[in-house]
Every structure is written in structure tokens, then in C-alpha cells.
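Novice: Each protein sequence line maps, in turn, to chains D and A. Mapped onto our numbering, the consecutive letters of the first sequence carry residue numbers 220 to 598. Mapped onto our numbering, the consecutive letters of the second sequence carry residue numbers -18 to 101. Every residue gets a Cβ at the ideal spot worked out from N, C-alpha and C, and that includes glycine. Because the structure is a prediction, the values reported are computed rather than measured. Below is one structure. I have some questions about it.
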Amino acid sequence: MEPISHLNHTPLHPLHLSLGARMVPFAGYEMPVQYPEGVLKEHLHTRSAAGLFDVSHMGQVVIRPKSGRVADAALALEKLVPVDVLALAEGRQRYGLFTNPEGGILDDLMIANRGDHLFLVVNAACKEADFAHLKDGLGDSCDVTMLDDRALVALQGPRAEAVLCELWADVASMRFMDVAEADLHDVTCIISRSGYTGEDGFEISIPAASAVDVTERLLEHPDVLAIGLGARDSLRLEAGLCLYGNDIDTGTTPIEAALEWAIQKSRRTGGERAGSFPGADRILAELAGGTKRRRVGLKPEGRAPVRGGVQLFADANGAVPVGSVTSGGFGPSVDCPVAMGYVDAAKAENGTQLFAEVRGKYLPVAVAALPFVKQTYKR
Amino acid sequence: MLKFTEEHEWLKVEDGVATVGITEHAAGQLGDLVFVELPEAGATFAKGDSAATVESVKAASDVYCPLDGEIIEVNQAIVDDPSLVNGDPHGAAWFFKLKLADPRSADGLLDEAAYKELVG
């Protein structure tokens, strides 16, 4: 086995070890891939009760406008993302994308308006590059700070609200994508009602020194189970959510990735602040005229999982290639294999039958609507 | 005669036919299985060929043919219910029966004590 001593640890690392997690290298961190219950039971528990995830490897970034006006930070950030940040109300969060001049995706992220500053959560593997990109793009008008002294945990599932209510009663008044500050167990945390599972739930930013204490309090609840990266991946796949590096990257545009919903009207052609983000020419042209390929859901007809990297064909003999799978596996909640990938636009309609090459066989798969499970966000 | 491979298969050899499965250690490492693909009866394999595939939520893994031989029977029960492999890996969840090309070839595999030492 490769030595993993050079890997970073999150503030919850000792807790993972005490819970018997199997630790693996992930984005420069040693992270729990699963606990003794295993991926299947962890996945199902999250959908039936509540799962607790350590996502402290992700980057938490504060953008503070030098003028003191958060609108200045919003306008500065809009130069890097095709998102309406200016209209984001205080205490609200939305999904965004950093794009490059070719229209590709540098990373996906969450953007919150915290009143006097913006609070961003970015992917672990991209966080150093994102930080440099932000300093470069916004440094004149804003102070950009990476918060290295905070943990981030996600509490997800139908019991998440009831569990968190026991530490902070006001949580029940939060709606999907609200962001608020709260004292949990006398520790000031930043809570957003969001997540990466398709379930209702919360992401909680905790000062590192108190992270084990607060997390243990949440885990004490009989409805809560610690969940590893394995189930995090199967949960987000069933929810139809992209994994940066698999489903989206610098070689895919937001429109190819079917993420046009993340581009608000004000940034589109004819909007008040149309364009003026990296890659706007290509992205706005694709928004109007379509793309050659699209990200779609894929439902294998048999029981065999069809995984990332598998090639897709229009015919059962593998003569006419039409795309490839970017994420795929078994969906424990839907009890069948599920996948997503990119296919030629002409083959992107739901119900289109394609064939996936798996171990020399051409298995029938159908283009299917995403998500595979019903989202239960509290809107 | 019970034998083991370093690839975590067990073989129960009777009259030149090996019943083959994966060990409890292997099943534990793989986690809950959700899919099993078995070879067809009549197929012949050389030692080390991929003869079957098992998949967990997370990943696919090969099950290698432990010796040269011909598949004479497969266990449809584990295809119908892959969780059997996690529940009873050394019993009901055998994978296939292999008619050995050389009945003495199993002699060179690990015995139970040697396998236990291998997996600690």
C-alpha cells in the first residue's frame, strides 16, 4: 500500500479513526471512504434518517469588499462566474461555476451573501487554484481569505431538521439555500440549508477547535450515522448532481453539462449584466443555439452497473459511437444501476435507447431524466 | 481438500472438480455486493483469467480462475441475490464448479493455515 502520511487531515480525523472508518487518500486529504456499516447501509440510512459527512477538505473562502459594500464584492465576483450574484439577498446562497475563456468549467461552487461579505465553498481538489483565481480577479476591490481554521460537516436526510433542532430550534424556519449564523453548543457556526445528496439537509461550518465536540453531539442522536465518501458519491449520483473532475471539467461547458439553470436571466443575452464573464461568447451562443453534446441521465436496463469511462453506442454492435459515461454505479435507493454521461444532442432525448460497452458486451441503456430520486428540499 | 489462492478464492476439490468461491476476507473487503456475473458452463479458462465479475456500490472486481479447467456448473443463486456472497461466502455462495485440466494442480495452492497467515 502507498504510504499516505503526507496527506492532510481534517479536524475530524481522530473521530473517523475512533469510529472505525476505512481511510483513503482523496484530493490531498486522508478521508473516510466508509465506516463499518458499509456504503450500502450508509446510503440507505441517509435517505431514511440522517447521515453526517465530513466535508472539511472543501475550501471555505471569504470575500470581503474593501468599500464595505457587499454589492461591490458581488459585481467583482460576477466577472468570474456566469451567475447573478448581485441579486442574491442577504442570508441566501446559490450554486455557481467558475468558467474559463474557452467556456470550460474551472470548478463549481456555492456562493452565499453573508451581509457584509460573500462566503464561498469550493471543491477540495480545486481550492488552491480557485483561491489564486479569486485573488487575481478580485484582489483590487476585495480581501480574499481562505478559512483554514474551520471544519465543514453536512447533515443530510429526512431527520436532519429534527436532529439539528435539538441544538438550535430556529433551524426549522430556514428554507432551502438559506444561510444563517447559529450557536450550536455555544459554538458559533455558519449553517446553510443545502447539500449534495438530493435530501433536505444542512452544511455546517464549525471552528476547527470545536469541530469534534459539535460533531459528536450530532452523532449522539440515534437517527444520525457517520457516512463516508463512498455513499456520498452514490447519493449525489442518484440525485443527478455533478462531480467536478468526473462530470464537469475544463473540457465541458455549462450548457453541454445541462447546467444552464445556474445562469440567471440578468447574465444572459438581453439581461442587465449580460456576458462579461470568462467564455461568455461561447456559452451565450450555446444557450441560444444548443450544443453538439449534452449531459444526460442513463438507466441501464439490466442489473450490471455501467461506470465512468464506459463508451456509448447507438447500435448493439458498437459501430456508431455517441458518447461516454462520466459517472455510474449502483443506486441503492432506486435498487438498480444508474449513470450519467455525455451523448450527441440528437441522442439526448429521454427514452432514447443506447448501448454501453461493458466487458466486451453491448448492454442496453436508456437516456433518463435526472434526478433518479425525488428531491426533498424544503423550499 | 480445501485450498486457497493469494487472490482470495477458496477451492473445495473432490474427484478432480473444484467448487470455487471467494473468501470471507475478500467479501468483507469488497463490501455489500449488488451484481455478480458468472461464466457460462462449458467455458474453459487458464489459471489467472478473469472468470467472473463482482460489483459493490463503489467498484467492480474480477474473480480469477484459480487453475486451468472447464466450467461445468455455475451458481445462479448468487446472480439472483448477490448479497448471499456477503452472508455465506464459504457455503451457499459458491461461484462455479471447475473440472480441473490437471487434477493434481490444486496441490500447489495454499492450505488453510497458509491463507490465514496471508490475510493476518
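Spatial neighbours of D/Y561 within its chain, please: C-beta separation below 6 Å, excluding the five flanking residues on both sides.
Specialist: The residues are R512, R514 and G542.
Novice: By Cβ distance, which residues of its chain are closer than 8 Å to D/T471, with the 5 residues on each side in sequence left out?
Specialist: Same-chain partners within the cutoff: G323, I324, R514 and Y561.
Novice: Classify D/G508: buried if its beta carbon has 16 or more other beta carbons within 10 angstroms, exposed otherwise.
Specialist: With fewer than 16 Cβ atoms within 10 Å of its Cβ, D/G508 is classed as exposed.
Novice: CA-CA distance, D/P284 and D/G270?
Specialist: Roughly 36 Å separates the two Cα atoms.
Novice: For D/E457, I'd like the list of residues in its chain whose CB is within less than 7 Å of its CB, leaving aside the five on either flank, ordered along the chain.
Specialist: For D/E457, where only same-chain residues beyond five positions count, the Cβ hits under 7 Å are G417, G550, S552, V553, V557, P590, F591 and V592.
Novice: What number of angstroms, rounded off, separates the C-alpha of A/L(-12) from the C-alpha of D/G449?
Specialist: The residue you asked about is not Leu; residue -12 of chain A is Glu in the sequence shown. The alpha-carbon atoms of A/E(-12) and D/G449 are separated by roughly 24 Å.
Novice: Note down, in chain order, all residues in the segment 424 to 451 of chain D with a beta-carbon under 7 Å from any beta-carbon belonging to chain A.
Specialist: Hits within the stretch, in order: G449.
Novice: By the 9 Å beta-carbon criterion, what residues does the segment 248 to 265 of chain D contribute toward chain A?
Specialist: Of all residues in the segment 248 to 265 of chain D, V252, Q253, G257, V258, L259, K260 and H262 have a Cβ within less than 9 Å of some Cβ in chain A.
Novice: Assuming A/G50 contacts A/F26 under a Cβ cut-off of 8 Å, what Cβ separation, rounded to an integer in Å, is found between them?
Specialist: Indeed, because the Cβ distance is near 7 Å, the residues count as touching under 8 Å.
Novice: Using alpha carbons as the reference points, say which of D/R394, D/A268 and D/A430 lies closest to D/L403.
Specialist: Closest by alpha carbon: D/A430.
Novice: Could you check what DSSP says for D/C345 in three-state terms: helix, strand or coil?
Specialist: Three-state DSSP puts D/C345 in a helix.
Novice: Can you tell me whether D/C408 is helix, strand or coil according to DSSP?
Specialist: Three-state DSSP puts D/C408 in a strand.
Novice: From what residue to what residue does the beta strand (DSSP E) around D/V398 run?
Specialist: V398 to L403 is the extent of the beta strand (DSSP E) around D/V398.
Novice: Are the CB atoms of D/F338 and D/Q279 nearer to each other than 9 Å?
Specialist: Contact flag set, yes.
Novice: Straight-line CA distance for D/S360 to D/I423?
Specialist: Cα to Cα, D/S360 sits roughly 28 Å from D/I423.
Novice: Could you tell me the distance, in whole angstroms, from the CA atom of A/E18 to the CA atom of A/D61?
Specialist: Taking the straight line from one Cα to the other gives about 10 Å.
Novice: Going straight from the alpha carbon of A/V100 to that of D/E347, what length do you get?
Specialist: Cα-Cα distance, rounded: 40 Å.
Novice: State yes or no: is the beta carbon of D/P551 nearer than 9 Å to at least one beta carbon in chain A?
Specialist: Yes, contact with chain A.
Novice: Residues of chain D with CB closer than 9 Å to the CB of A/V38, please, in chain order.
Specialist: Within 9 Å Cβ-Cβ: G257, V258, L259, H262, G449, A450, D452, S453, P524, G548, F549, G550 and P551.
Novice: Specify the secondary structure class of D/G464 as computed by DSSP and reduced to three states.
Specialist: D/G464 falls in the coil class under three-state DSSP.
Novice: For D/N399, which of D/I425, D/Q375, D/G247 and D/R378 has the nearest alpha-carbon?
Specialist: The sequence as given places Ala at residue 399 of chain D; Asn does not occur at that position. Out of D/I425, D/Q375, D/G247 and D/R378, D/I425 has the C-alpha closest to the C-alpha of D/A399.
Novice: Can you tell me whether DSSP reads D/G579 as helix, strand or coil?
Specialist: The answer is coil: DSSP assigns D/G579 none of H, G, I, E or B.
Novice: Give a yes or no on whether the minimum CB-CB distance between D/P556 and chain A is below 9 Å.
Specialist: Interface residue, yes.
Novice: Which partner residues does D/P251 have in the DSSP bridge list?
Specialist: Answer is D/M242.
Novice: Figure out for me which residue from D/N227, D/H228, D/L226 and D/L234 has the closest Cα to the Cα of D/D432.
Specialist: The option with the nearest alpha carbon to D/D432 is D/L234.
Novice: How would you list, in chain order, the residues of chain D whose beta-carbon sits under 9 Å from the beta-carbon of A/V100?
Specialist: Going along chain D, no residue has its Cβ under 9 Å from A/V100, so there is no contact; the nearest lies around 14 Å.
Novice: Check the Cβ of A/A41 against every Cβ in chain D and list those closer than 8 Å, keeping chain order.
Specialist: Residues of chain D passing the Cβ test: P524 and R526.
Novice: Any chance the segment 303 to 311 of chain D sits against the segment 482 to 495 of chain D, with 3 or more Cβ pairs inside 8 Å?
Specialist: The segment 303 to 311 of chain D vs the segment 482 to 495 of chain D: in contact.
Novice: Can the beta-carbon of D/L231 be found less than 9 Å from the beta-carbon of D/V372?
Specialist: Yes, these two residues count as a Cβ contact at 9 Å.
Novice: Name the two residues that bound the continuous beta strand (DSSP E) containing D/L531.
Specialist: Start and end: Q530 to F532.
Novice: What are the residues of the segment 10 to 32 of chain A that lie near chain D, defined by any Cβ-Cβ distance shorter than 8 Å?
Specialist: Cβ contacts with chain D come from G12, D13, V15, F16 and E18.
Novice: My output table needs one value for D/W387: the three-state DSSP class, helix, strand or coil.
Specialist: Looking at D/W387 - three-state DSSP - the assignment turns out to be coil, as it is neither helix nor strand.
Novice: Does the CB of A/T(-14) have a neighbour CB from chain D at under 9 Å?
Specialist: Cβ-Cβ to chain D under 9 Å: no for A/T(-14).
Novice: Which chain D residues sit within Cβ distance under 7 Å of A/T34?
Specialist: Residues of chain D passing the Cβ test: R578.
Novice: Beta-carbon of A/T0 versus every beta-carbon of chain D: anything under 9 Å?
Specialist: Closer than 9 Å: no.
Novice: According to DSSP, simplified to helix, strand and coil, what is D/W480?
Specialist: Three-state result, D/W480: helix.
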